[in-house]
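J.: Encoded as structure tokens, here's the structure I'll be asking about.
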Amino acid sequence: MLAPSARTRSSNMNKTIKSVLLGASLSVSLVATPMFAATQQTQSHLKTLLGELLHLEQQLDARTAGEDTIEPGANYKIQAGDSLGDIAQRAYGDTDLKLSLVMQMMVDQNPTAFFRNNANFIYAGKVIRIPSVEDFRNMLFTGKSDSLLKQNSDKSQWIRFP
Numbered sequence: 115m116l117a118p119s120a121r122t123r124s125s126n127m128n129k130t131i132k133s134v135l136l137g138a139s140l141s142v143s144l145v146a147t148p149m150f151a152a153t154q155q156t157q158s159h160l161k162t163l164l165g166e167l168l169h170l171e172q173q174l175d176a177r178t179a180g181e182d183t184i185e186p187g188a189n190y191k192i193q194a195g196d197s198l199g200d201i202a203q204r205a206y207g208d209t210d211l212k213l214s215l216v217m218q219m220m221v222d223q224n225p226t227a228f229f230r231n232n233a234n235f236i237y238a239g240k241v242i243r244i245p246s247v248e249d250f251r252n253m254l255f256t257g258k259s260d261s262l263l264k265q266n267s268d269k270s271q272w273i274r275f276p
């Protein structure tokens, strides 16, 4: 038979273990709930983003082609005195798209037109490609998730636990 002090220690140890287990289960349930909410929030943001890309296409289709406009997806020969901001403005200035994003994408897609990938140092005479809406879609969505879903649907590759 255990001495009273040993029983007390054993009882205290059981209470400690229960509180740790209870704490662990609470922390798991608290962590799982925000993750689910974050997933729903992310899906909501993605739907909004896709809607914005569709709206961008509609804005580009509705605008009138002027002398100063540059068609997205087209090639453009840089003239002396052009700046990247002016080129982005002529391509996407009348849309809701941030011009800084357009300029960064132009630098990324046309590295040989810029000295050391610096948007402030642009070479006159170089031909650059103006990013299209599809380029923005490809930048945001790689398409790898679809292939991962198809790959994981093969149950022969799953691990089974008893």
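Sequential numbering from 115 applies to the sequence shown in my numbering. Glycine included, every Cβ here is placed at the ideal spot set by N, Cα and C. Just so you know, these numbers come straight off a predicted model, no measurement behind them.
1) From the DSSP secondary-structure annotation, give me the bridge partner or partners of PHE228.
2) Helix, strand or coil for ASP196 per DSSP?
3) Roughly how many angstroms lie between the CA atoms of LYS240 and LEU213, to the nearest whole one?
4) Let me know if PRO276 comes out buried or exposed under the rule of 16 or more other beta-carbons within 10 Å of its beta-carbon.
5) For ALA205 versus PRO225, is the C-beta spacing smaller than 7 Å?
6) Given this structure, state the Cα-to-Cα distance separating ALA202 from MET217, to the nearest angstrom.
7) Give me the Cα-Cα distance between ILE184 and VAL247, rounded to the nearest whole angstrom.
8) Given a cut-off of 7 Å, decide if ALA194 and ILE244 are closer than it, judged by their beta-carbon atoms.
9) In three-state terms, what does DSSP make of ARG204?
10) Please name the residue in LEU215, LEU211 and ALA227 whose C-alpha comes closest to that of LEU167.
11) Using only the alpha-carbon positions, how far apart do PRO148 and LEU170 sit?
T.: Result, derived from the coordinates:
1) ILE236
2) coil
3) 21 Å
4) exposed
5) no
6) 6 Å
7) 14 Å
8) no
9) helix
10) LEU211
11) Bear in mind that the predicted position of PRO148 carries a pLDDT of just 48, short of 50, making it unreliable; the figure below should be weighed with that in mind. For PRO148 and LEU170, the distance between alpha carbons rounds to 32 Å.
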